[in-house]
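Novice:
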Amino acid sequence: MDDLINEFLTETNESLDELDLDLVNLEQNPNDKDLLSKIFRLMHTIKGTCGFLGLPRLEKVAHHAENVLGRFRDGDLEVTPDYVTLILESIDRIKLIVGGLEETGSEPEGDDSALIEKLDAVYEGRDGGGAASSSAEAPPKKAAETPSEGGNCLTQEELDALEAAFQNAEGPEEFALKTVGEESGTDAPSAPEEAAVVKEKPSKAAAPANDASVAKTAEKPVSAQSLRVSVDVLENLMTMVSEMVLTRNQLIQILRQNSDSEFSVPLQRLNHVVSELQEGVMQTRMQPIGNAWSKLPRIIRDLALELNKKIELDMKGQDTELDRQVLELIKDPLTHMVRNSGDHGIEDPETRKAAGKPETGKILLNAFHEGGHIIIQISDDGKGLPLDKIKAKVLENGLATAEELEEMSPNQINQFIFNAGFSTAEKVTAVSGRGVGMDVVRTNIEKIGGSIDLQSTEGKGSTFTIKIPLTLAIVSALIVESAQERFAIPQ
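Start counting the sequence shown at 1256; every next residue gets the next number (the numbering used here).
#1: Alpha carbon to alpha carbon, what distance is there between V1500 and V1529?
#2: Helix, strand or coil for S1678? Go by DSSP, reduced to three states.
#3: So T1726 and M1537 are supposed to be a Cβ contact under 8 Å. How far apart are they, rounded?
#4: State the Cα-Cα distance for the pair P1521 and Q1533, rounded to the nearest angstrom.
#5: In angstroms with no decimal places, state the Cα-to-Cα distance between K1715 and K1638.
#6: Starting from I1700, trace the alpha helix (DSSP H) both ways and give me its first and last residue.
#7: Does the segment 1707 to 1724 come within contact of the segment 1630 to 1648, defined as at least 3 CB pairs closer than 8 Å?
#8: N1284 lies in the beta strand (DSSP E); which residues open and close that run?
#9: What residue from V1334, L1271, L1332 has the CA that sits closest to K1302's CA?
#10: Ignore the nearest five residues each way along the sequence and tell me which others in Q1542's own chain have a CB closer than 6 Å to its CB.
#11: What did DSSP end up calling F1518 once you bin it into helix, strand or coil?
#12: May I ask you to report which of helix, strand or coil DSSP gives E1428?
#13: Using the DSSP secondary-structure output, state which residues sit across from V1735 in a beta bridge.
#14: I'd like the span of the alpha helix (DSSP H) that includes M1495, first residue to last.
#15: Could you check how far apart the C-beta atoms of E1282 and V1339 are, in whole angstroms? I think they sit under 8 Å.
#16: Would you kindly work out how many angstroms separate the C-alpha atoms of T1712 and L1619, rounded to a whole number?
#17: Indicate whether K1644 and T1679 have their beta-carbon atoms separated by less than 7 Å.
#18: Return the residue from the list D1694, H1624, I1707, S1368 that minimises the CA-CA distance to K1571.
#19: Could you give the DSSP three-state label for E1713: helix, strand or coil?
#20: Determine the extent of the alpha helix (DSSP H) in which L1290 is found, giving its start and end residues.
#21: From which residue to which residue does the alpha helix (DSSP H) around M1592 run?
#22: What number of angstroms, rounded off, separates the C-alpha of F1430 from the C-alpha of T1502?
#23: Is N1669 helix, strand or coil by DSSP?
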């Protein structure tokens, strides 16, 4: 697979993750014109790049989704949950095609006619739903808008559209530091608004611009620029720095045995420089935890629709940074716990109303630093854990006796949910109820030196608190020497 396709896959995956989040926000803020324009630009970029690379199936799906987004943007079609769901379905289809392209190196075959028909029905006003504005006469489809059948060929209109995108590209562009090969969800990092294959061309196209536009560009503050770097390069750099640190420590030990050495002053300087270098390299491994949270709003939205619930997800501390490796390891546990809060914790609107609660349940994600650790809290204002059901299940599974349960506090009893196969769900659903998950969550968190705590009040909600180290690259340890053997005891 050539570099151009690899770059396209990376950029497109990032754009798709951003579209997921933006569309969920659009559903809650349908009149946000700036957000609508951003969503349209992202989809337009995907479509234009597909045509440039000769990916007709991807281009066709993106093109028809873009048509609907264009009517949203122009105010000809009201943004409704059903229409947002249809666009999200298109995003999922694009993800499926991109996944096949990434796996095989070629665009997979498939039938998208049913999806395209639904998109066209909305675009042309044949679906019978949605409130259009007074001028919302469905525009007739132009022949020039149909993606080229040849795949590798572009019509003149498409070329003009691409050139217009080049001319309108903002500059200087801000790049987010990302690592090649990482899962995009990961990342909801802020993806560039134009695909990589078009980034370098605006500079040539914009060269003849008049002095006024150049001056306007010069007035813009140059944002901190960054570079996409392979994970392997960073890991190799980290290894070399680790070797340098070990060598420095050996030199310091030699100096301690010969305090009159002439190397004392330069070694102190070397010690300072190596420490700064180590800190700098460690910083390249750090990423905001928001990258691991980027897919959660879409997950909660889909879960609420599936379970006929109203759920609001609030995320705080998205900029809190931790090691990339730790971030990858906690993605799945966090996703599982948030889904559990939506499924088991939050009640349906009728039940909440009867209990004197707002119909919309709330899930709060909060992250912050505490010493050399990061604290992540997952809270909900749902029904809490059913203590009586947990006790009954504990007795049924033989995990404790009735006498032992009597001596336990409610918090101690709640900890049984982390046992393998433990579930109080009355029925198994596609979401949960099989008793698989919380034991794996705890195991995975403990594997990286973390811990998980649970506080729950029946009828009021639950809070899970996860404490994990900021990084796995360096472990603070006490060095002990005994019988001419040296041991490192983690602190």
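Note that beta-carbon positions come from the ideal geometry of N, C-alpha and C, so glycine has one too.
Specialist: Result, derived from the coordinates:
#1: To locate residue 1529, count along the sequence shown from 1; it is residue 274. To locate residue 1500, count along the sequence shown from 1; it is residue 245. About 7 Å.
#2: Numbered from 1 along the sequence shown, position 423 holds the residue referred to as residue 1678. Note: S1678 maps to coil in three-state DSSP.
#3: Your numbering for residue 1726 matches position 471 in the sequence shown. Your numbering for residue 1537 matches position 282 in the sequence shown. About 6 Å separates the two Cβ atoms, so the contact holds.
#4: Locating residue 1521 in the sequence shown gives position 266, counting from the first residue. Locating residue 1533 in the sequence shown gives position 278, counting from the first residue. Going by the C-alpha atoms only, they are around 18 Å apart.
#5: Working through the sequence shown from its first residue, we reach residue 1715 at position 460. Working through the sequence shown from its first residue, we reach residue 1638 at position 383. Approximately 6 Å between the Cα atoms of the pair.
#6: For the purposes of this step, residue 1700 is identified with residue 445 of the sequence shown, where counting begins at 1. Residues 1693 to 1702.
#7: Yes, the segment 1707 to 1724 is in contact with the segment 1630 to 1648.
#8: Position 29 of the sequence shown, counted from the first residue, corresponds to residue 1284. Segment: none, N1284 is in no beta strand (DSSP E) and carries neither H nor E.
#9: In the sequence shown, residue 1302 corresponds to position 47, counting from 1. Residue L1271 is the option with its Cα nearest to K1302.
#10: Taking the first residue of the sequence shown as 1, we reach residue 1542 at position 287. These residues qualify, in order along the chain: R1579, L1582.
#11: Position 263 of the sequence shown, counted from the start, is the residue given in the question as residue 1518. Coil.
#12: For the purposes of this step, residue 1428 is identified with residue 173 of the sequence shown, where counting begins at 1. Because E1428 carries a pLDDT of 40, less than 50, the predicted location of this residue cannot be relied on, and the following value inherits that uncertainty. Here E1428 sits in coil by DSSP.
#13: Within the sequence shown, numbered from 1, the residue matching residue 1735 stands at position 480. F1742.
#14: To locate residue 1495, count along the sequence shown from 1; it is residue 240. Residues 1486 to 1512.
#15: For the purposes of this step, residue 1282 is taken as residue 27 along the sequence shown, with counting starting at 1. For the purposes of this step, residue 1339 is taken as residue 84 along the sequence shown, with counting starting at 1. Contact flag correct, Cβ pair sits at about 5 Å.
#16: Locating residue 1712 in the sequence shown gives position 457, where the first residue counts as 1. Locating residue 1619 in the sequence shown gives position 364, where the first residue counts as 1. Rounded to the nearest angstrom, the two C-alpha atoms are 16 Å apart.
#17: Position 389 of the sequence shown, counting from 1, holds the residue named residue 1644. Position 424 of the sequence shown, counting from 1, holds the residue named residue 1679. The Cβ atoms of K1644 and T1679 lie closer than 7 Å to each other.
#18: Along the sequence shown, read from residue 1 onward, the residue named residue 1571 stands at position 316. For the residues D1694, H1624, I1707, S1368, the minimum Cα distance to K1571 belongs to H1624.
#19: On the sequence shown, position 458 is the one that residue 1713 refers to. Three-state result, E1713: coil.
#20: Taking the first residue of the sequence shown as position 1, residue 1290 is located at position 35. First-last of the alpha helix (DSSP H) with L1290: 1288 to 1308.
#21: Taking the first residue of the sequence shown as 1, we reach residue 1592 at position 337. M1592 -> alpha helix (DSSP H) spans 1579 to 1595.
#22: On the sequence shown, position 175 is the one that residue 1430 refers to. On the sequence shown, position 247 is the one that residue 1502 refers to. Only weak support is given to the placement of F1430: the predicted model assigns it a pLDDT of 37, under 50, and the value that follows is read from those uncertain coordinates. Using only the alpha carbons, I get a separation of about 36 Å.
#23: Within the sequence shown, residue 1669 is the residue found at index 414, counting from 1. Helix.
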